[in-house]
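Data block below; observations after.
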Amino acid sequence: MHLDHFGATAAGRELSAYPKTVGSPALFVDHGALVGTLDYGTQRVATATMAYKWEPLDLEQAREQIAVPTYAVKIIPGYAGEQRLCDLVRTRITDVTVKGAWTGPARLRLFAHAMAPLADLPVREIVSASHILTDLTLAPVRPVHDYLAR
533 MHLDHFGATA AGRELSAYPK TVGSPALFVD HGALVGTLDY GTQRVATATM AYKWEPLDLE
593 QAREQIAVPT YAVKIIPGYA GEQRLCDLVR TRITDVTVKG AWTGPARLRL FAHAMAPLAD
653 LPVREIVSAS HILTDLTLAP VRPVHDYLAR
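Residues 533 to 682 (this note's numbering) make up the sequence shown, in order.
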């Protein structure tokens, strides 16, 4: 997760299911396209475009897309470099109120950057894209499996 505020980036990043780092995200409408950009410093590292409000998406289907659990492996090293924590964790989005949802054609462009290696992801095809406006709550992170437990 790239955030443009250091306090938000530093607060709880070890406890979150989302790795956090500094970046400058933006989302805006430009001539009928929803455009999302991500800059790292002065360099653009990602641009995504989608047709704006192209086709309505069923609100229940949109809620199901948003409410899918998110999993991550949390690794926290000890003082001597050994693994202190290695857990599979899960978080969910709850209390979802969908205010609007659309689907449409989309494109993604990733740029190589040593400190924001998004372009290293092997994106081969955009399968679908959705633009969903919600009120929601991010539930606390829960451990699912401790890889260091004996």
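The beta-carbon is built from N, C-alpha and C at its ideal position, and this holds for glycine as well.
Fair warning: this is a prediction, and the values are worked out from it, not measured in the lab.
Looking at C-alpha atoms only, which residue of the options is the closest neighbour of residue i?
| i | options | result |
| --- | --- | --- |
| PRO649 | ASP562, GLY568, GLN575 and LEU566 | GLN575 |
| PRO672 | VAL554, LYS585, TRP586 and TYR603 | TYR603 |
| THR629 | ASP619, SER660, LEU591 and ILE607 | LEU591 |
| CYS618 | THR666, GLY610 and VAL577 | GLY610 |
| LYS631 | ARG641, LEU620 and HIS663 | HIS663 |
| VAL676 | VAL605, LEU640 and SER556 | VAL605 |
| VAL577 | ILE608, GLU657, ARG656 and LEU640 | LEU640 |
Determine the extent of the beta strand (DSSP E) in which residue i is found, giving its start and end residues.
| i | result |
| --- | --- |
| ALA558 | 556-562 |
| LEU665 | 662-670 |
| VAL676 | 674-678 |
| THR581 | 575-583 |
Residue i to residue j, Cα distance in whole Å?
| i | j | result |
| --- | --- | --- |
| ARG616 | HIS563 | 50 Å |
| ARG624 | HIS645 | 30 Å |
| TYR572 | ALA565 | 23 Å |
| ASP627 | VAL621 | 20 Å |
| ALA580 | PRO601 | 23 Å |
| TYR584 | LEU653 | 25 Å |
| ASP667 | ARG595 | 11 Å |
Pull the bridge partners of residue i from the DSSP assignment, please.
| i | result |
| --- | --- |
| ARG595 | Answer by DSSP bridge pairing: none, since ARG595 is not bridged. |
| ALA604 | VAL621 |
Compare the C-beta of residue i against all C-beta atoms of chain D and say whether one is closer than 8 Å.
| i | result |
| --- | --- |
| THR666 | In summary, chain D is missing from the structure at hand, where a single protein chain is found. |
Can you list the beta strand (DSSP E) stretches of 3 or more residues lying completely in the region 618-662, in chain order? 625-635 and 638-642
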